[in-house]
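I have placed the structure first, in the form of structure tokens, so that the comments after it can refer back to it.
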Amino acid sequence: MERVTLRIPKQQIEEVERMVETGEYPNRSEAIRSAVREMINEEGTEKERPSEKRKRRTWAKV
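Quick note on my numbering: the sequence shown kicks off at 695 and runs consecutively.
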């Protein structure tokens, strides 16, 4: 596994930390890995349905 350094808005990392504190994820890294897996799975679904491409994607304002 490779190490990646990210800059994440404070509000978003606080939400990730809340999910860890409530036991939804064992740690922040696993929560972020899960989000990446979900994004990749959605991307595969969008390739099957081009008409819906990028409808759900929102980008962080930094």
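Glycine is no exception: its CB is placed at the ideal position from the N, C-alpha and C atoms. In this text the structure is predicted, and so the values were computed from the model without any measurement.
request  = To the nearest angstrom, report how far apart Thr699 and Thr716 are at their CA atoms.
outcome  = Between Thr699 and Thr716, the alpha-carbon positions lie close to 24 Å from each other.
request  = Determine the burial state of Val710: buried for a count of at least 16 other Cβ atoms within 10 Å of its Cβ, exposed for fewer.
outcome  = Val710 is buried by the Cβ-count criterion.
request  = Report the option in Arg727, Met733 and Glu736 whose CA atom is closest to the CA atom of Glu696.
outcome  = Ranking Arg727, Met733 and Glu736 by CA distance to the CA of Glu696 puts Arg727 first.
message = Quick check on this structure: which residue in Val714, Glu708, Ile734 and Met733 has the alpha carbon closest to the alpha carbon of Ala725?
response = Restricting attention to Val714, Glu708, Ile734 and Met733, the CA atom closest to the CA of Ala725 is found in Val714.
task = Report the three-state DSSP secondary structure of Gly717 (helix, strand or coil).
result = Assignment of Gly717 by DSSP, reduced to helix, strand and coil, places it in the coil class.
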